[in-house]
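Residue numbers (our numbering), protein chains in the order written: chain A, 1 to 272; chain B, 1001 to 1272; chain C, 2001 to 2272. Every residue gets a Cβ at the ideal spot worked out from N, C-alpha and C, and that includes glycine.
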């Protein structure tokens, strides 16, 4: 298969590039990467998803991007650079899915959420015409110009065969027990101290007021929204990611319960 | 009054949307909200005012927006989402003032600084054509597409009558005493450790070198600018918000005085 | 020399304005400055280099900008506002270099990295037509509208003679010893805990696997890239700034070695 055919004939770039990295905001690394994109395609427009992924936490980056990309217009380029293998043998992969383009290191980040049938195209660095990259900042030296070309509609140089890449990084499981309860764990603590679980209920059981959650010796009642409980009370509800979360109204559930990512949660149908 | 008339006939959007939230920058919530705006209006352009409002601190958001909006071109949409009542009964309101549009929850945020004669229009969610929102993220599900329509010049669906909304959240008072001194408090500690007071002197008394400030057992002399005192010295001056602040040259007044928001300050005319 | 000639005849603005400040991201100061730019030139486009420079750390701002500007398209305006002298006598200077424009206070920030032959033009505030500025926020009141004019291609009002400005702020020296080793210090600790040294090897000695670094009682072997050592091991390599850095693979060298900016490092040719 010719690499030209890796770019879907209907790829119609929006000019928007989203950025997900572990670069932080104190160093100028994010700005430099944007500069390198603009140098190749001056009309590019950026949206930062987050640069606050913990250093080298590929799983968190995969989670954030998996829950964000579909809110953007088709034609967007989603660039994710959490890259512990920079400078080594890992490849850089490009994928298209539902009219969006995804560019990331081949470290399981994209495989975590793109359907397994998605073709993952390796960049053929020798054919990009880019100068020799540094050993430490491929975000600037490779990802940026390639993302620019995608946003501009210029096909980048790809390998001739799609990869059978790594397996994806894995999110915490939600195990359905025989009694209907679900054993899972805290996937993420957000900025508000909400505890986002690994359990994503199906549409027929998405009414969170029918659930209750066991966590850290507490049984937290399900509710539909924060206003259904008093200020300072704990509640379990369906969050904006579509997962069950435990929150404290007007406070931080993480702080009041003293828990964090990886700690167990059990989600059960309310008995009454 | 027909809701169509809520959009002033001279509303001429600049395409700029400013964002003020308590979302923080670690989760992708801000990015997702921008994506949802771009999906409805691809030409929208964003300026972040701040996403560092403390969770649910409606007053801080009101303060920041009140001091920022007029620096933007007319035609800007100012979106403020600090929304402890999300998912409950509170309405979402739209207001126009001096050629700018303001969109926020009806929780006193806008009422804190818009003139009391400003009409506050509730969104009529049933007529927006938006899908059913989540219970937890109206920033993405409602505010974003409505802000996009405002920026695009498309009238959103509004209720037929302007609200008599809540009273505004209140900023600390500055009480003028009979001897001409002013009792107030620390409204805000900024990034530099400057102590911004609730006292905003009138034009005829804006020369801050004529004041002195009592705080935490210190009498801090007024000055016009940082360079008027030695490095490490405390001074009181008129800050960029138009309020009297106490600062330490080349240092943090908050740290050296051990004070914070709510602590009392007395602003007095210099005796000599 | 007439001030009109300070604008090179080939100045061809890209419309891009980069921003480097010590404003932080919690207050709306950055957003207000962007608003003031947009008010003067609505088509301006922003890239944040960083707003996380420590308050008044002119040297860090100079370093970040020196390593970033050349990654942007020619025609970009680089605005740097770390300004301990705001409100005092210091001037504001404009310089052009390799098709880029630089605007900063005359405090050594630009002189630290622009060639000494670069002409530094002082703004002539009396001729800008701007209203009287505040004493505390020239970023909003002066830098913003002038940056906007540069980005729009409108010449700002400049003094008639280029300045012989201050000397530049200085970065740590790297002293070449008679035995070929290099004595330097930690210039910067980045977000990953990498220790960036003051030593920038020439092209003929840029292969970092030939060096080793003495630091805090450790002798850290040189390598080409993170993947050349095991997880948790220390290594010295050429970083993306072109300097020798000490890093810990999958960890923070700053944390494991307990060192910070100013601590000494000795870079030596490997003996074997």
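If you draw a 10 Å sphere on the C-beta of residue 246 of chain A, you find 16 or more other C-beta atoms in it, and that means buried. Selection A:52, A:194, A:39, A:177 evaluated against residue 1025 of chain B yields A:52 as nearest (Cα-Cα).
Bounds of any alpha helix (DSSP H) do not take in residue 127 of chain A, whose DSSP letter is neither H nor E.
The C-beta distance from residue 110 of chain A to residue 93 of chain A rounds to 6 Å, short enough to meet the 8 Å contact threshold. By the CB criterion at 9 Å, residue 2169 of chain C and residue 2108 of chain C fall inside the cutoff. Where residue 2148 of chain C is concerned, there is no enclosing beta strand (DSSP E), although the alpha helix (DSSP H) around it starts and stops at 2144-2152. For residue 32 of chain A, the chain C residues whose C-beta falls within less than 7 Å of its own C-beta are 2068, 2071, listed in chain order.
Residue 1158 of chain B carries a strand assignment under DSSP once its states are collapsed to helix, strand and coil. Cβ-Cβ separation between residue 2171 of chain C and residue 2267 of chain C: approximately 15 Å, too far for a contact (criterion under 8 Å).
The straight-line gap separating the alpha-carbon atoms of residue 1166 of chain B and residue 1106 of chain B is approximately 7 Å. Boundaries of the alpha helix (DSSP H) around residue 1063 of chain B: 1058-1066. Rounded to the nearest whole angstrom, the CA to CA distance from residue 36 of chain A to residue 140 of chain A is 6 Å. For chain C, the residues of the region 77-96 of chain A that bring a beta carbon within less than 9 Å of one of its beta carbons are 84, 85, 86, 87, 88, 89, 90, in chain order. With a cutoff of 9 Å on beta-carbon distance, residue 1118 of chain B and residue 1157 of chain B are scored as not near each other. At least one beta carbon of chain A lies nearer than 9 Å to the beta carbon of residue 2064 of chain C. Beta-bridge partners assigned by DSSP to residue 2045 of chain C: C:2016. For the pair residue 60 of chain A and residue 54 of chain A, the CB atoms are nearer than the 9 Å cut-off. In the structure shown, residue 73 of chain A falls within a coil segment according to DSSP collapsed to helix, strand and coil. Residues of the region 166-191 of chain A with a Cβ closer than 9 Å to any Cβ of chain B, in chain order: 188, 190, 191. Proximity of residue 1042 of chain B to chain A, defined by a Cβ-Cβ separation below 9 Å, is satisfied. In this structure residue 1270 of chain B is exposed. Its beta-carbon is surrounded by fewer than 16 other beta-carbon atoms within 10 angstroms. At least one beta carbon of chain A lies nearer than 9 Å to the beta carbon of residue 1140 of chain B.
Under the Cβ distance rule, residue 1106 of chain B does not count among the residues neighbouring chain A, no pair being separated by less than 9 Å. Look at residue 2231 of chain C here: in three-state DSSP terms it is coil, with no helix or strand label. Residue 2038 of chain C belongs to the set of residues whose beta carbon lies under 9 Å from a beta carbon in chain B. Residues of the region 216-228 of chain A whose Cβ lies closer than 7 Å to any Cβ of chain B, in chain order: 224, 225, 226, 227.
Within its own chain, the residues whose Cβ lies closer than 6 Å to the Cβ of residue 2007 of chain C, once the five positions on either side in sequence are excluded, are 2155, listed in chain order. By the CB criterion at 9 Å, residue 2081 of chain C and residue 2143 of chain C fall inside the cutoff.
Using beta-carbon distances, residue 1029 of chain B counts as an interface residue toward chain A, with a partner under 9 Å. Taking 9 Å as the threshold, the shortest C-beta distance from residue 1134 of chain B to chain A falls below it. If you look at residue 1031 of chain B, you'll find it in the alpha helix (DSSP H) that goes 1029-1040. Residue pairing of residue 2247 of chain C in beta bridges, as defined by DSSP: C:2235. Look at residue 2139 of chain C here: in three-state DSSP terms it is helix. Around the beta carbon of residue 2174 of chain C, 16 or more other beta carbons lie within 10 angstroms, which makes this residue buried. Separation of residue 2018 of chain C and residue 253 of chain A (C-alpha to C-alpha, rounded to the nearest whole angstrom) is 39 Å. Around the C-beta of residue 2089 of chain C, fewer than 16 other C-beta atoms lie within 10 Å, and the residue is accordingly described as exposed.
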